[in-house]
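Reviewing the structure listed below.
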Amino acid sequence: MTVLVFSFAASVTPRTASAQSGERGGKEVVEAVCAACHRTGVNGAPKIGDKKAWGKLASQGLASLTEVALKGIRKMPAHGGNPDVTDTEIERAITFMVNQSGGRWIESISRVTPAVQRSGGQVVQEHCAKCHQTGVGGAPKIGDRAAWIPRLKQGFEVAVRSAIKGHGPMPARGGVADLTDSEIRAAIAYMINQGVAATTRPSAALTAGPDPNHKVIEGTEIYLGIVSAESIRAQHPKADAESLMHGGIPSRKDYYHVNISLFDSKTKAVITDAQVEARVADPVVGGETKKLELMAMNNTISYGNYFRMSGKAPHTIIVQIRRPDMSRTIEAKFDFKYR
Numbered sequence: 050m051t052v053l054v055f056s057f058a059a060s061v062t063p064r065t066a067s068a069q070s071g072e073r074g075g076k077e078v079v080e081a082v083c084a085a086c087h088r089t090g091v092n093g094a095p096k097i098g099d100k101k102a103w104g105k106l107a108s109q110g111l112a113s114l115t116e117v118a119l120k121g122i123r124k125m126p127a128h129g130g131n132p133d134v135t136d137t138e139i140e141r142a143i144t145f146m147v148n149q150s151g152g153r154w155i156e157s158i159s160r161v162t163p164a165v166q167r168s169g170g171q172v173v174q175e176h177c178a179k180c181h182q183t184g185v186g187g188a189p190k191i192g193d194r195a196a197w198i199p200r201l202k203q204g205f206e207v208a209v210r211s212a213i214k215g216h217g218p219m220p221a222r223g224g225v226a227d228l229t230d231s232e233i234r235a236a237i238a239y240m241i242n243q244g245v246a247a248t249t250r251p252s253a254a255l256t257a258g259p260d261p262n263h264k265v266i267e268g269t270e271i272y273l274g275i276v277s278a279e280s281i282r283a284q285h286p287k288a289d290a291e292s293l294m295h296g297g298i299p300s301r302k303d304y305y306h307v308n309i310s311l312f313d314s315k316t317k318a319v320i321t322d323a324q325v326e327a328r329v330a331d332p333v334v335g336g337e338t339k340k341l342e343l344m345a346m347n348n349t350i351s352y353g354n355y356f357r358m359s360g361k362a363p364h365t366i367i368v369q370i371r372r373p374d375m376s377r378t379i380e381a382k383f384d385f386k387y388r
């Protein structure tokens, strides 16, 4: 396995008063600190200008690369051995080296790692719409069913990985270094939802009559779905986008896929920008809490993950939902029984 190592020179030259009053730009930091290793590739450091090496690194995103540089790795000490380099300066230095190696990132004004995840709609409006609104460079237009449905059929994870790594004229992470994987998922789900909204509303079968797996809480319709990992494995005998979701299908027979679909109770629009967690109380193995990941299957955007549910006893499933437009967390409780 090839390991690409960041390496900041272990220079501790005191900074001037002017430098201390304001953080340096990426080029200045690279020339003063990073170039000693990254100019020549000493100690395995990716060389400035090596498009292949930096392209692979760029797909990990600025937040991930910054954490590596802050903590250190292999022969590169924390902060590159220079504690005087700020987090923001490290981000700027990484951005400069990425751009010198074929990237098109924008240098950060201040520490860019977001404290709160941005919604899919917010990310699209701020970054994605400039291409996806009009279809610049072949980008699938927001709301263009003919363009989005084929991409959805290829698997949601395929679309996400393509956006993270870059594809055609689209650079890694859309050229926005600080977008997290979760924000990219939410943005893609938002654009897909605009394109296939007519196919993502609850079916008549779900809305007819009382349903123990359907709750309406604070303007949010919540649908629970549970499928055994064994049956999913039978449907996907070969590796594909769906079989690789959530780290792959568990091999044990007592694992189940817990799925939550969310809709606005007034507009019936699919909710794709929530943060969802589920806790499954198992009488044998105890309780387990996991984040439900944004996903797309059968032209429907929802949230899911695998949980172990042993035996035939009833299981209590508590779902917590945080919507960006609500201050309180929504909690829904379901009792699941094997049939």
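Note that my numbering numbers the sequence shown so that position 169 is 218, with each residue one more than the last. For each residue, glycine too, the CB sits at the ideal point set by N, CA and C.
> So the alpha helix (DSSP H) residue 308 belongs to, where does it begin and stop?
Replying inline: The count along the sequence shown starts at 1 and reaches residue 308 at position 259. Per DSSP, residue 308 is not a residue of any alpha helix (DSSP H); the beta strand (DSSP E) it occupies stretches across 304 to 313.
>> Could you pull the DSSP bridge partners for residue 367 from this structure?
In response: In the sequence shown, counting from the first residue as 1, residue 367 sits at position 318. Paired residue(s): 328 and 382.
> In the DSSP assignment, what residue or residues form a beta bridge with residue 34?
Replying inline: Not covered by the structure: residue 34. The range shown for the chain is 50 to 388.
> residue 370: buried (16+ other C-beta within 10 angstroms of its C-beta) or exposed?
Replying inline: Within the sequence shown, the letter at position 321 stands for residue 370. Per the 10 Å Cβ criterion, buried.
> Would residue 433 pass as a contact of residue 239 if the rule is Cβ separation under 8 Å?
Replying inline: Any answer about residue 433 is impossible in this case: the structure gives the chain only from 50 up to 388.
>> Just to check my reading of the structure: residue 378 and residue 320 have Cβ atoms closer than 8 Å, yes? What is that Cβ distance to the nearest angstrom?
In response: Along the sequence shown, read from residue 1 onward, the residue named residue 378 stands at position 329. Along the sequence shown, read from residue 1 onward, the residue named residue 320 stands at position 271. Between residue 320 and residue 378 the Cβ distance is about 14 Å, and since that is not below 8 Å, they are no contact.
> How many Å lie between residue 330 and residue 355 at the Cα?
Replying inline: Stepping through the sequence shown from its first residue, residue 330 is reached at position 281. Stepping through the sequence shown from its first residue, residue 355 is reached at position 306. Each residue's alpha carbon lies about 13 Å from the other.
> Counting Cβ pairs, one atom from each stretch, are 3 or more of them under 8 Å apart for the segment 77 to 85 and the segment 181 to 188?
Replying inline: no
> How big is the Cα-Cα spacing for residue 262 and residue 274?
Replying inline: On the sequence shown, position 213 is the one that residue 262 refers to. On the sequence shown, position 225 is the one that residue 274 refers to. Using only the alpha carbons, I get a separation of about 7 Å.
> Is the CB-CB distance between residue 305 and residue 325 below 8 Å?
Replying inline: To locate residue 305, count along the sequence shown from 1; it is residue 256. To locate residue 325, count along the sequence shown from 1; it is residue 276. No, they are not a contact pair.
> Whole-angstrom Cβ separation of residue 363 and residue 386, contact assumed at under 8 Å?
Replying inline: What you label residue 363 is simply residue 314 of the sequence shown in a count that begins at 1. What you label residue 386 is simply residue 337 of the sequence shown in a count that begins at 1. About 5 Å; that satisfies the 8 Å criterion.
>> So, under 8 Å CB-CB, residue 172 and residue 235 are touching, yes? Tell me the CB distance rounded to an integer number of Å.
In response: Position 123 of the sequence shown, counting from 1, holds the residue named residue 172. Position 186 of the sequence shown, counting from 1, holds the residue named residue 235. 7 Å between Cβ atoms; contact.
> Among the residues of its own chain, which have a CB less than 8 Å from the CB of residue 127, if the five just before and after it don't count?
Replying inline: To locate residue 127, count along the sequence shown from 1; it is residue 78. Taken in chain order, the residues that qualify are 119, 120 and 121.
> So, residue 110 versus residue 228, is the Cβ gap smaller than 8 Å?
Replying inline: Counting from one through the sequence shown, the residue named residue 110 turns up at place 61. Counting from one through the sequence shown, the residue named residue 228 turns up at place 179. In contact: residue 110 and residue 228 (Cβ atoms closer than 8 Å).
>> Here's a check: name, in chain order, each residue in its chain whose Cβ is nearer than 6 Å to the Cβ of residue 314, leaving out the five neighbours to either side.
In response: The residue labelled residue 314 in the question sits at position 265 within the sequence shown. Cβ neighbours of residue 314 beyond the five flanking positions: 265, 268 and 270.
>> In the DSSP assignment, the alpha helix (DSSP H) including residue 147 goes from what residue to what residue?
In response: The residue you call residue 147 lines up with position 98 of the sequence shown. Segment 136 to 148, the alpha helix (DSSP H) holding residue 147.
> In three-state DSSP terms, what is residue 69?
Replying inline: Taking the first residue of the sequence shown as position 1, residue 69 is located at position 20. Because the pLDDT of residue 69 is 38, which lies under 50, any placement of that residue in the model is unreliable, and the number read from its coordinates should be weighed accordingly. In this structure, residue 69 counts as helix in the three-state DSSP scheme.
> Are there 16 or more other CB atoms within 10 angstroms of the CB of residue 148, so buried, or fewer, so exposed?
Replying inline: On the sequence shown, position 99 is the one that residue 148 refers to. By the neighbour-count rule (16 or more Cβ atoms within 10 Å), residue 148 is buried.
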